[in-house]
Every structure is written in structure tokens, then in C-alpha cells.
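Numbering (mature numbering (1 follows the signal peptide of the UniProt record, and there is no 0)), first residue to last: -16 to -1, 1 to 332.
Note that beta-carbon positions come from the ideal geometry of N, C-alpha and C, so glycine has one too.
Reading through the C-alpha cells given below for one structure.
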Amino acid sequence: MITVLVLLIMAEGTLSSGWSVTFENKNPCALKGSSVEFRCSYNYTDGETVRETAWQRGTFKNGSWTRVKLSDLPSYENRFKYIGDLQHNCSLAIHDLQENDTGYYYFWFDTDKYGRRSKESVYLSVTGLSARVYPERVRAGDSMTLECRMSCQLPGTVWFKDGHPVAKPQFQAQAEDSGNYLCAVEGHESEPSDPVALDIQYPPLNVSIEVSHTGHLTKGSSVNLTCSSAANPATDIYTWYKGTVFSSSSMLQVGSGQVLSLVSLEASHTGLYLCQARNSVGENNSTEVLVTVNQTDINRVILLVGIGVKVVIMLLIPLVIIWVWKKRCNSAVDKKEHSHDYENISTA
Ligand SMILES: *[C@@H]1O[C@H](CO)[C@@H](O)[C@H](O)[C@H]1NC(C)=O
Ligand SMILES: *[C@@H]1O[C@H](CO)[C@@H](O)[C@H](O)[C@H]1NC(C)=O
Ligand SMILES: *[C@@H]1O[C@H](CO)[C@@H](O)[C@H](O)[C@H]1NC(C)=O
Ligand SMILES: *[C@@H]1O[C@H](CO)[C@@H](O)[C@H](O)[C@H]1NC(C)=O
Ligand SMILES: *[C@@H]1O[C@H](CO)[C@@H](O)[C@H](O)[C@H]1NC(C)=O
Ligand SMILES: *[C@@H]1O[C@H](CO)[C@@H](O)[C@H](O)[C@H]1NC(C)=O
Ligand SMILES: *[C@@H]1O[C@H](CO)[C@@H](O)[C@H](O)[C@H]1NC(C)=O
Ligand SMILES: *[C@@H]1O[C@H](CO)[C@@H](O)[C@H](O)[C@H]1NC(C)=O
């Protein structure tokens, strides 16, 4: 039994010396869906003529390894092409690669004297791409790594986020970086990985207050202040604060919930309002919004006082004019009389 085996090995190795099969790359790696070429050359004793060539696939069948011609395997139908010749080139091309094309491939040729097969094989690896993000749960500010997994190493990985190229697979996560990422091999962008969602958590940003009523708020009317924010996860706690017009430093809590309804407005509602938005990551404040309630009563008083003052002034003006005019007349008469007196005195 052992002797037979040794003889077989010797038959393959030495009996027919002078022939060889050489593979340019014995461990090619190819992308699923792409094509691969096995560059191969073969040699044999001068004077022999090659009659037939074939590529075989190493197949585990019925408990042992056997070699089956690709032309006998239905799954390779129309997918492989012998691009070599009957001289010294034994190259093979396989298209539309599937992951299960991974395996051992052998070259076989037959001359008018001997049938020979390659002792060595090409081991083809076909890989798909699998996009991963680390860590899986990310908060704004964390460092991120994108990893494009493959079962064999292909050069030139590129990344896309929602269809746009990503500059670097390592970065500091920002709120805007949330999205769907996928990787591809340069030149094979049409065969990308499945997308992976990157969900970056961040505290409320862009917190702002919308006032339901613009313009003057009159006493007794109502107004809604609505707080909005961008947050992930969504803001779940809203707190409202109010400060006086002159000082926002000492603000008091005046409500909660996304909408602050101010009904039956009073002058005392006038003030600076701000809303604080909070989620599990953190909190942030809106800018302050000034709410002014028109103080109708006081206005009326001011208006009335104003009118009163005007009426009084308008009545006073003619009186003043008359008084001034009268005074001038009187003083003219006085002067005459005085000068007369003076003359009288001086002549006396
Ligand atoms: C092929 O074999 C011949 C003789 O057997 C030898 O002279 C020649 O160099 C070989 N060619 C290659 C490419 O190995
Ligand atoms: C597997 O081997 C058994 C016996 O060892 C044989 O009867 C059967 O035909 C073989 N099947 C194939 C597909 O070669
Ligand atoms: C074999 O033929 C292919 C296709 O024609 C060619 O690309 C390759 O360079 C050749 N290889 C050798 C070793 O001559
Ligand atoms: C290889 O996988 C493809 C698709 O995944 C399938 O259609 C084919 O039958 C498989 N071939 C073999 C030999 O299992
Ligand atoms: C916050 O607002 C700015 C400017 O409008 C915008 O560019 C940014 O995308 C917003 N941030 C979020 C998380 O929506
Ligand atoms: C609050 O939000 C602003 C922009 O809306 C942002 O620049 C700032 O960093 C946030 N503060 C905190 C503590 O998250
Ligand atoms: C404020 O909101 C409540 C319900 O959210 C609504 O019934 C009311 O009409 C709103 N008031 C104003 C002034 O928009
Ligand atoms: C938001 O405003 C409240 C009330 O003035 C204050 O206590 C809190 O520190 C502020 N938060 C931030 C992040 O500025």
C-alpha cells in the first residue's frame, strides 16, 4: 500500500521530469461578484504536443478529496474561460465570483505522450465585504473606527456615508456623522458591503423657543411657547425658566413639558423665558426669549395724563400770551409816568 503511494508520487514527480506548472499567484484574493485571472505557465519535454488542457476544482466528495473539471461542474457554467493556449500559457479567468468559489484549483494537460496534472494548486479566496463601526454605541465626541471586514486582504478600501465619500475611517464622532455607512474596494464601487447604521447620541442642540403669537400680547390673552431641539435620543425632559427683564441670572422654574401655555396674561408674565432640554446624554438651554405683556391699564393712565397735560398747556398758552401782552402795555404806561415824574423831579 505504502509502496504504491510512493510509486504514485514518484510517477508524478520524477518519472516525467522536464515538465512543470507555475502559478504567478498561488493565493489570490478576489471580491465577490468580481472576476479573477489565474496567471499560469506550463512546460513539458521538447517534442511533445499538447492535445488537451483543463482546470479542475478540488472537491470534497463522498469522504475524500477529488478533482473535478470545471466544465463538469454546473455552478461554473458560463463563468470560466481558459485564456491560455496549447503551448505554455495556462491562464484561467473566472467571472461573477461567488463566495463558494473559494477553494483549490488545479491545472491538467495531456500530451500525445502523457497526461499530467499540477501537483500544486491555486487556492482562491473569494470575499464579501462587511462594514462594522466601533464602538457600536457612540456619543458625540467619542473616537470612531470604521472597519471593512473581509476574509482575505484586498487593498484600497473606500468608505461612503449616505452615498458620499468618507475621508478617513477614524474620526471624532459628531452629531452630523449619523447615517448609513458602507465600504467598497477601490475600482469595485458597484460591489459594496451592506450598509451599517451609525447612530451617534448627542445632547440637545439648537434648542429654540417658538412663540405662537408674534407682535403685541395684550392683557388677558394667551400665548404658547414651544421648545424644539435636535437631540439623539429625542429630548424627553423640558423645563421652563423665567427671569426678570433686567436679570436672567436668577431664573425661576415656571413649568415643564414641550409647550408652556401662558393664559390670562398679566403684566407679571412679562420677562425673559428660556427652555432647558434634556435627554440621557445631557442638557442644553435655549437662548432667552422676551415676552412683553402690554400693560393696558397703565397705558390708559399715561394716555389720559398725556391728553390732560396737552389740554392744560393749550388752555394756558393764550392766557400766558394775554398776560405777557398786558404786562408789556402796563410797563409802557408806567415808564411814561415815571419819566414824567423824573422830569418833574429834575426840573424841581
Ligand atoms: C521548458 O523546458 C525546456 C526543456 O525541457 C527548457 O529548455 C525550458 O527552459 C523550459 N522553459 C521554461 C519556461 O521553464
Ligand atoms: C460514494 O461512495 C459509495 C461507496 O463508498 C458509492 O456507493 C457511491 O456511489 C459514491 N457516491 C458518489 C457520488 O461517488
Ligand atoms: C497568458 O495569456 C493571458 C491572456 O492572453 C495573458 O494575459 C498572460 O500574460 C499570459 N501569461 C503568460 C505567462 O504568458
Ligand atoms: C454557490 O453559491 C451560489 C449563490 O450563493 C449558488 O447559486 C450556488 O449553487 C452555490 N454553488 C455550490 C456549488 O454550492
Ligand atoms: C443646528 O443648527 C445648525 C445651523 O442651522 C445646523 O447646521 C446643524 O445641523 C443643526 N444641528 C443639528 C444636530 O440639527
Ligand atoms: C448647547 O448647544 C450649542 C448649539 O446649539 C452647542 O454649541 C453647545 O455645545 C451645547 N452645549 C452643551 C453643553 O451641549
Ligand atoms: C396653546 O396650545 C393649546 C394646546 O396645546 C391650544 O389648545 C391653544 O389654543 C394654544 N394657544 C395659543 C394661543 O396658541
Ligand atoms: C440652563 O439654565 C438654567 C437656569 O438658568 C441653569 O441652571 C443651567 O445651568 C443652564 N444650563 C446650561 C447648560 O447653561
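Looking at the backbone, the Cα of E194 and that of E267 are separated by about 19 Å.
Of the residues assessed, T219 falls on the buried side of the cut-off, its CB having 16 or more other CB atoms within 10 angstroms. By the neighbour-count criterion, in which a residue is buried when 16 or more other Cβ atoms sit within 10 angstroms of its Cβ, P139 is exposed. Shown here for N164: same chain residues with a beta carbon closer than 8 Å to its own, the five before and five after excluded, namely K145, D146, P179, V180, A181, L182 in chain order. Between P217 and the set A159, A77, V247, T6, the nearest pair of CA atoms involves A159.
Close CB contacts of T228 within its chain, under the 6 Å cut and outside five residues either way in sequence, are with G255 (chain order). For M128, the enclosing beta strand (DSSP E) begins and ends at 127 to 133. By the Cβ rule, the stretch 23 to 34 does not count as touching the stretch 45 to 60, because fewer than three pairs are nearer than 8 Å. From the listed residues S127, F64, H148, the smallest Cα separation to Q156 is found for S127. Near ligand 3, meaning a beta-carbon closer than 5 Å to one of its heavy atoms, we find S25, I67, N73, S75. Assignment of I301 by DSSP, reduced to helix, strand and coil, places it in the helix class. Secondary structure of R312 (DSSP, three-state): helix. A215 and S252 have their alpha carbons spaced roughly 33 Å apart. Restricted to the stretch 33 to 67, the beta strand (DSSP E) segments that are unbroken, complete and at least 3 residues in length are 34 to 45, 48 to 53, 64 to 66, listed in chain order. Under the 10 Å beta carbon count, R100 is surrounded by 16 or more other beta carbons and is classified as buried. Here DSSP, grouped into helix, strand and coil, assigns S192 to strand.
Counting only residues of its own chain and dropping the five nearest sequence neighbours on each side, V238 has a CB closer than 8 Å to the CB of W224, Y225, K226, L244, Y257. Taking 8 Å as the cut-off, the beta carbon of L113 is found closer than this to the beta carbon of A168.
Annotation: A251 is outside any beta strand (DSSP E) and is labelled neither H nor E by DSSP. Around the beta carbon of Q71, fewer than 16 other beta carbons sit within 10 angstroms, so the residue counts as exposed.
Taken from the Cβ of E272, every heavy atom of ligand 8 lies 7 Å or farther away. Going by C-alpha positions, Y60 is about 28 Å away from W3. Per the DSSP secondary-structure output, V180 pairs in a beta bridge with Y165. Spanning the alpha carbons of R312 and G204 requires a straight line of approximately 57 Å. The Cβ-Cβ distance between Y98 and R41 does not fall below 8 Å. For R262, the closest alpha carbon among the candidates E250, Q242, L274 is that of Q242. By the neighbour-count criterion, in which a residue is buried when 16 or more other Cβ atoms sit within 10 angstroms of its Cβ, W39 is buried. In this structure, DSSP gives A77 an extended state, which the three-state scheme calls strand. Straight-line measurement puts the Cα of S55 at about 14 Å from the Cα of T43. In this structure, N84 has its CB closer than 7 Å to one or more heavy atoms of ligand 4. Following the DSSP letters along the chain, one finds F7 inside the beta strand (DSSP E) bounded by residues 4 to 7. Spanning the alpha carbons of S19 and P119 requires a straight line of approximately 34 Å.
For F7, the closest C-alpha among the options F91, N208, P153 is that of F91. For A151, there is no enclosing beta strand (DSSP E), as DSSP gives it neither H nor E.
By the neighbour-count definition (other C-beta atoms within 10 Å, threshold 16), V275 is a buried residue. Bounds of the beta strand (DSSP E) holding D94 are 87 to 95.
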